[in-house]
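Engineer:
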Amino acid sequence: MVILLSSSYLHGQKYYDQWPFGFAPTSLFDITSGTPKSKVLSTPMKFESTVASICDSMGNMLLYTNGIYIADSSHQMIENGDSLSPGFFYLLLEKTGAKTPWGTMFLKVPDTNDEYYLIHMGAEKNDTVNLQYNPCYYTKIQKIAGKYVAVLKNQIIQEGNLMPNIVVKHANGRDWWLIQPSKSYNEYDFYVISKERIHWSHKQILSINYYYENCHGVAQNSISPDGSKLMMFNNSCGVLLFDFDRCSGLLDNLFEIKLDSIMYPGGGSSFSSNSRFAYVCSSTSIYQID
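Just so it is clear: in the sequence shown, position 31 is 27 by my numbering, and no numbers are missing.
Here's what the structure looks like:
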């Protein structure tokens, strides 16, 4: 088994060193010691293909979710942590976990203690595909009287025909960039995540020759550890590589790599720790890009 994990410019931190997954039994993937370990996790939460978690700076689990509800380190649902991303697929998958791959992420709210954003994607059915990502939400979590509480829930960031987003540290060292691609991968909306709010910054429309509307499956997007490269990967279509300016929030120097069409779903993308190599995989192959 090969696991590709991508971080969003979080070098030297342990905020994402524990990942729950699966069910019957649920397991925990733990890299806090530097050596990957897996163990059974005693939690009632079940995971389909949506998972997000966050730890403290020492790698101790604080919060996790399956896209349906949020639990704390005692494996109990936090106050107001239920009913995430409401809609058709929530009702269908309430008992087994949401089915939005790469559709959730926890972030520490800048310049705060014990405050977190959960960025999460909703899903709906339309006439042409079984699953469409829409809308993009955020939920804000605070620690009050020693317990985590979802103080704002299911707040809409953007609506439309979307794909999984990606978050990268702003060049100011404090805030975050949230990059939200459209399904066609020609349009990108950029948001700044700050202590006070999540607000829209600008839109970038690019000329991309490789038409992604007909790709099956869901793309995984990755950012290099130094924050300078953005990769969009769909295992049935190919790879898009961009330079990313963390000051201006602009993409540049698009490089397209077409892969042989693979009819099996699944796959992942990541960068090497020195940001030189990009890696993508399908269910049958692994590619290295220099």
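A virtual CB, placed ideally from N, CA and C, is assigned to each residue, including glycine. Note that the structure is predicted; figures quoted are calculated from it, not measured.
1) Counting only the same chain and skipping the five closest in sequence on each side, list residues whose C-beta sits under 6 Å from that of Y207.
2) Taking only runs that begin and end inside the stretch 181 to 245, name each unbroken alpha helix (DSSP H) of 4 or more residues, in chain order.
3) Going by beta-carbon coordinates alone, are Q14 and D26 separated by less than 8 Å?
4) Out of L237, I152, F229 and G169, point me to the one whose CA is closest to W196's CA.
5) Whole angstroms are fine: how far does the CA of G169 sit from the CA of Y11?
6) Buried or exposed: which applies to M54, given that a residue is buried once 16 or more other Cβ atoms fall within 10 Å of its Cβ?
7) What residues in its chain sit with their C-beta under 6 Å from that of I253, if we drop five residues either side in the sequence?
8) Y113 lies in the beta strand (DSSP E); which residues open and close that run?
9) Can you list the beta strand (DSSP E) stretches of 3 or more residues lying completely in the stretch 50 to 115, in chain order?
10) Do V163 and M101 count as a contact pair if the criterion is CB distance below 8 Å?
11) Which residue from T46, S70, K136 and D239 puts its Cα closest to that of I64?
12) Can you tell me whether V276 is buried or exposed, with buried defined as 16 or more other CB within 10 angstroms of its CB?
13) In whole angstroms, what separates the C-alpha of D291 from that of Q138?
14) Relative to the C-alpha of L87, which residue among E120, S69, L59 and T31 is closest?
15) With a 10 Å radius around its C-beta and 16 neighbouring C-beta atoms as the bar for buried, classify T92 as buried or exposed.
16) Per DSSP, F19 forms a beta bridge with which residues?
17) Might you give, ordered along the chain, the residues of its own chain that have their beta carbon closer than 6 Å to the beta carbon of A141, omitting 5 neighbours on each side?
18) Which residues share a DSSP beta bridge with L174?
19) Quick one, are the C-beta atoms of I189 and L174 less than 8 Å apart?
20) Residues in its own chain within less than 7 Å of C243 by CB, not counting five upstream and five downstream?
21) Could you tell me the distance, in whole angstroms, from the CA atom of K33 to the CA atom of I74?
22) Go through its chain and collect everything with a Cβ distance to R272's Cβ below 8 Å, but skip five positions before and after it.
23) Quick check on DSSP: helix, strand or coil for D286?
24) Assuming L37 contacts L58 (C-beta within less than 8 Å), just tell me the rounded distance between them.
25) CA-CA distance, N182 and A274?
26) Applying the 10 Å Cβ sphere with the 16-neighbour rule, what's the burial state of A20?
27) When the distance is taken between beta carbons, is N157 closer than 8 Å to Y133?
28) Per DSSP, which one or two residues make a beta bridge with V36?
29) Can you tell me whether N231 is buried or exposed, with buried defined as 16 or more other CB within 10 angstroms of its CB?
Structural biologist: On the basis of the data shown:
1) Residue placement at Y207 is flagged as unreliable, the pLDDT there being 49, under the threshold of 50; the coordinate-derived value follows with that caveat. Answer for Y207: no residue qualifies.
2) none
3) yes
4) Nearest C-alpha to W196: I152.
5) Rounded to the nearest angstrom, the gap between the Cα atoms of Y11 and G169 is 16 Å.
6) exposed
7) G234 and V235
8) For Y113, the uninterrupted beta strand (DSSP E) segment begins and ends at E111 to E120.
9) Taking 3 residues as the shortest admissible run, the stretch 50 to 115 contains the following complete beta strand (DSSP E) segments, listed from N- to C-terminal end: 57 to 61, 66 to 68 and 100 to 104.
10) A distance below 8 Å separates the beta carbons of M101 and V163.
11) When only C-alpha atoms are compared, the closest one is T46.
12) buried
13) This structure does not reach residue 291, given that the chain is present from -3 up to 286, and the question cannot be answered.
14) E120
15) exposed
16) Answer is none; F19 lacks a bridge partner.
17) The answer is none, since no qualifying residue turns up.
18) As DSSP reads the structure, L174 sits in a beta bridge with V163 and Y187.
19) yes
20) A167
21) 27 Å
22) D286
23) coil
24) Rounded, the Cβ-Cβ distance is 15 Å, inconsistent with contact.
25) Distance between the alpha carbons of N182 and A274 is about 22 Å.
26) exposed
27) no
28) S23
29) buried
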